[in-house]
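In what follows, a structure is listed as structure tokens, so that the remarks can point back to it.
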Amino acid sequence: MTATAARPTASTVASRATFGGLLRSEWTKLRSVRSTGWSLGLLALLYPSFTALLIGLTTAAWDDTAASDRELITGDPTTVILGSGFLISQPAICVLGVMVIASEYSTGMIRASLLAKPGRLSMLAAKGVVLSLVVLAVSLVAAFVSFFIGAAMLSERVEASLSDPGALRAVVGTGLYLAMLSLFSLAIGAIVRRTAAGITGVIMFVLVLAPLVQLLPGKFGEYAHAYLPTEAGILIGQATQQEGSLLTPWQGFGVFGLWTAALLALAAFLLNRRDA
Amino acid sequence: MIEAKNLTKRYGDKVAVKDLSFTVGPGKVTGFLGPNGAGKSTTMRLLLGLDHPDRGTATIDGKRYRELTTPLAAVGALLEAKAVHPGRTAYNHLLCLAQSQGIGKKRVSEVLDLVGLREVAHKRAGNFSLGMGQRLGLAAALLGDPAVLVLDEPVNGLDPEGILWVRTFMRQLAAEGRTVFVSSHLMNEMAVTAEHLIIIGRGSLIADCPTQEFIERGKKQTVLVRSPNADELSEALTRAGGTVTRNDDNELSVEDMDTTRIGEIASAGGYVLHEVVPQRGTLEEAFMTLTRESVEYAGTGSTHDADAPKSGGEAR
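Chains as they are written, first to last, in numbering that gives the first Met the number 0: chain Y, 0 to 275; chain D, 0 to 315.
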């Protein structure tokens, strides 16, 4: 038996638990894996380029375009510009949001994370803060760049400017929507804990299921569709309110926020309760 | 000091750990032994707050893991399954763990040096060999210079050089006064590393004693005796105080009696002896005898195959 050396039980390495430390930790995690660069790079690249492509096609075919469609474009050019590259780029955010948490489960990293921070809720909170801020920053840049490209290309047909009613709010709102979408996807990822299932689920919902609800008949279909998270949320990215819209842009964004908060609460509850 | 009190954990209707209590003291390596599926990993996960016990408590220096504010400075853990994102470099892996509790970058470099990974610090962990992965896991465990170390199968899959390195390392950590709790399903490995053994089978405690004591117990001698007069000889040996087990028509296993005495008794009774062979029990045999009844799945091959599939309890 070795004689027990007198050793202070306290560690000789300085350590301190702060939320700021957790934020730094999550930032390191986010920036040090390839999927982050891929997703955000795709968003920053696809959004402006598809805006340019679709607006280019629109102006090229301007003379063959029906008068009613031209009116739609000249009536609200901001929404047309922002909407054109949007559909193709938002899956990148769904993927990133799910991956940020689900890949920790698929790789086993979650165990290291929880050993370092057994207070699981603050870990989830730090993840959410870092993810949404990074997505917000990149999305804002992508949305502004897309807007200016689209506006320049449309300038012969219609003047689109940030000073148009609702235009600035729509551009900033697109960034806000994508940031909220990243949190929505994070919550789903934390609940499902599987990358493939989570990504498929979120993208199917956002791109296919939610728009399809529009087809449900009568008042029920109308209301159900209006209050779906992403369908309500995207109103913030449109400059003018559609006629007969049940929600204003900010109300819509609020509805999306409530859905996301509810899902995050469920994710937090499950995270605390389930074995890692 | 690690303390488990009445720990119980079930997964579905399968009990992985059953009313398990033990303490692990500082300044020595304590081996946590049991066949695959015995509940070692589950116990460690309960200890580390990753899984929730159904009953009982697990504390480290009197605190539950979840109550530790900067856990890495109190407990270092190496889990059997890799807990690393393969796309992240060794340095960034350690950095994000360190940052979560305000541990500085300098310490990250220190532990990389300590485990000999400095050269590959900026390589992605996914390209690491098993041995390098284990070293990275140990580096993470040492980040906060903890007084308690919990290591799940640290030599699993390592080459002899790696095994020797881990063994020396664990002894050194214990000599510094730390509590080192290390699990293994290999008795011989623990015999040379651990000073104290806690042995479990099917989630329950089987033995909790110094390694030396266990080795003595394992050395209990058995003598194999072959004789055409097995019936009569068996009676005579039993009368003289031996413990006799009948193997077949003319073969006996005799305990509590040495070969000299057996020869004398046979000679006195006029019984013919064909063979008298002392069976020296190995430590591995002692362990297997002890845990035989608690082995989950006795396969056709060796039950000690490191790659044998784990039971539901440990596979999680």
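Virtual Cβ for every residue (Gly too), placed ideally from N, Cα, C. As the structure is a prediction and not an experimental result, all values here were calculated from the model.
Between the Cα of residue i and the Cα atoms of the options, which residue gives the shortest distance?
{"i": "D/Ala73", "options": "Y/Phe18, Y/Lys116 and Y/Val157", "result": "Y/Lys116"}
{"i": "D/Leu142", "options": "D/Cys95, D/Arg123, D/Ser128 and D/Gly156", "result": "D/Cys95"}
{"i": "D/Leu135", "options": "D/Val147, D/Val110 and D/Ala146", "result": "D/Val110"}
{"i": "Y/Gly188", "options": "Y/Ser14, Y/Trp61 and Y/Lys126", "result": "Y/Lys126"}
{"i": "D/Val224", "options": "D/His195, D/Leu47, D/Ile261 and D/Val191", "result": "D/Ile261"}
{"i": "D/Thr242", "options": "D/Glu118, D/Glu274 and D/Ser233", "result": "D/Ser233"}
{"i": "D/Asn228", "options": "D/Glu254, D/Glu194, D/Ala173 and D/His273", "result": "D/His273"}
{"i": "D/Lys122", "options": "D/Leu150, D/Val147, D/Leu129 and D/Tyr90", "result": "D/Tyr90"}
{"i": "D/Gly24", "options": "D/Ile197, D/Glu284, D/Arg117 and D/Arg166", "result": "D/Ile197"}
{"i": "Y/Gly236", "options": "Y/Met179, Y/Leu265, Y/Thr194 and Y/Met152", "result": "Y/Met179"}
{"i": "D/Ser226", "options": "D/Asp247, D/Arg216 and D/Arg238", "result": "D/Asp247"}
{"i": "D/Glu2", "options": "D/Leu32, D/Tyr64, D/Lys13 and D/Pro34", "result": "D/Tyr64"}
{"i": "Y/Leu175", "options": "Y/Gly55, Y/Thr11, Y/Val32 and Y/Gln89", "result": "Y/Gln89"}
{"i": "Y/Phe280", "options": "Y/Gly84, Y/Gly19, Y/Thr247 and Y/Val97", "result": "The question about residue 280 of chain Y has no answer here: the residues shown for chain Y are numbered 0 through 275."}
{"i": "Y/Ile80", "options": "Y/Leu211, Y/Leu208, Y/Leu56 and Y/Ile100", "result": "Y/Leu56"}
{"i": "D/Trp164", "options": "D/Gly269, D/Leu113 and D/Gly75", "result": "D/Leu113"}
{"i": "Y/Pro164", "options": "Y/Leu95, Y/Pro210 and Y/Thr78", "result": "Y/Thr78"}
{"i": "Y/Ala223", "options": "Y/Ser244, Y/Ala136 and Y/Thr239", "result": "Y/Ser244"}
{"i": "Y/Phe146", "options": "Y/Gln250, Y/Ala267 and Y/Thr50", "result": "Y/Thr50"}
{"i": "Y/Leu135", "options": "Y/Trp61, Y/Leu71 and Y/Leu182", "result": "Y/Leu182"}
Here's the rule: buried if 16 or more other CB atoms are within 10 angstroms of the residue's CB, otherwise exposed. What is residue i?
{"i": "D/Gly11", "result": "exposed"}
{"i": "D/Val271", "result": "exposed"}
{"i": "Y/Ser162", "result": "exposed"}
{"i": "D/Gln171", "result": "exposed"}
{"i": "Y/Ala141", "result": "buried"}
{"i": "D/Leu93", "result": "buried"}
{"i": "D/Val276", "result": "exposed"}
{"i": "Y/Arg110", "result": "buried"}
{"i": "D/Ser301", "result": "In this prediction, D/Ser301 has a pLDDT of 42, which is less than 50 and means its spatial position is unreliable; nothing more can be read from the coordinates."}
{"i": "Y/Ser102", "result": "buried"}
{"i": "D/Asn187", "result": "exposed"}
{"i": "Y/Pro76", "result": "buried"}
{"i": "D/Ala314", "result": "Bear in mind that a pLDDT of 37 at D/Ala314, under 50, signals an unreliable position, so the number given afterwards is only what the model happens to contain. By the 10 Å Cβ count, D/Ala314 comes out exposed."}
{"i": "D/Gln278", "result": "exposed"}
{"i": "D/Asp50", "result": "buried"}
{"i": "Y/Leu195", "result": "The sequence given here has Ala at residue 195 of chain Y, not Leu. Flag for Y/Ala195 reads exposed."}
{"i": "Y/Pro310", "result": "In the structure as shown, chain Y starts at 0 and stops at 275, and residue 310 of chain Y therefore has no counterpart that could be examined."}
{"i": "Y/Cys93", "result": "buried"}
{"i": "Y/Lys218", "result": "exposed"}
{"i": "Y/Val207", "result": "exposed"}
Beta-carbon within less than 7 angstroms of residue i's beta-carbon, same chain only, minus the 5 sequence neighbours each way: which residues are those?
{"i": "D/Thr7", "result": "Val16, Lys17, Asp18, Pro52, Asp53, Arg54 and Gly55"}
{"i": "D/Gly338", "result": "Residue 338 of chain D falls outside the range modelled here, since chain D spans only 0 to 315, and no answer is possible."}
{"i": "D/Thr299", "result": "Confidence at D/Thr299 is low in this model, with a pLDDT of 46, below 50, so its placement is unreliable and the value that follows should be read with caution. So no residue of the chain qualifies."}
{"i": "Y/Ala231", "result": "Ala225, Leu246, Gly251, Val254 and Phe255"}
{"i": "D/Gly125", "result": "Pro85 and Gly86"}
Using the three-state DSSP reduction, which class does residue i fall into: helix, strand or coil?
{"i": "Y/Val312", "result": "Only positions 0 to 275 of chain Y appear in the structure, and residue 312 of chain Y is not among them; the question remains open."}
{"i": "D/Val243", "result": "strand"}
{"i": "Y/Ala267", "result": "helix"}
{"i": "Y/Pro164", "result": "coil"}
{"i": "Y/Gly200", "result": "helix"}
{"i": "D/Lys39", "result": "helix"}
{"i": "Y/Ser24", "result": "helix"}
{"i": "D/Phe127", "result": "coil"}
{"i": "D/Asp18", "result": "strand"}
{"i": "D/Ile102", "result": "coil"}
{"i": "D/Val74", "result": "strand"}
{"i": "D/Asn249", "result": "coil"}
{"i": "D/Gly11", "result": "coil"}
{"i": "D/Glu2", "result": "strand"}
{"i": "D/Ala190", "result": "helix"}
{"i": "D/Ala182", "result": "Rather than Ala, the amino acid found at residue 182 of chain D in this sequence is Ser. D/Ser182: strand per DSSP, three-state reduction."}
{"i": "Y/Pro248", "result": "helix"}
{"i": "D/Arg225", "result": "strand"}
{"i": "D/Thr56", "result": "strand"}
{"i": "D/His195", "result": "strand"}
{"i": "D/Lys27", "result": "strand"}
Within its chain, find whatever has a CB closer than 8 angstroms to the CB of residue i; leave out the 5 residues flanking it on each side and keep chain order.
{"i": "Y/Val129", "result": "Leu22, Glu25, Trp26 and Leu29"}
{"i": "Y/Leu53", "result": "Ser83 and Gly84"}
{"i": "Y/Thr73", "result": "Arg156 and Val157"}
{"i": "Y/Thr58", "result": "Met152, Leu153, Glu155 and Arg156"}
Starting from the C-beta of residue i, find all residues in its chain whose C-beta is less than 6 angstroms away, skip the five residues before and the five after it, and write them out in chain order.
{"i": "D/Glu254", "result": "Thr221 and Thr242"}
{"i": "D/Glu250", "result": "Arg225"}
{"i": "Y/Pro228", "result": "Phe255 and Trp258"}
{"i": "Y/Thr239", "result": "Asp75 and Gly165"}
Open item on the list: My parser needs the beta strand (DSSP E) runs of 3 or more residues fully inside the stretch 252 to 278 of chain D; what are they?
Closed with: Segments of the beta strand (DSSP E) lying fully in the stretch 252 to 278 of chain D: 274 to 278.
- [ ] Counting only runs of 3+ residues fully inside the stretch 29 to 115 of chain Y, write out the beta strand (DSSP E) ranges in chain order.
- [x] Counting whole runs of 3 or more residues, the stretch 29 to 115 of chain Y contains no beta strand (DSSP E) stretch at all.
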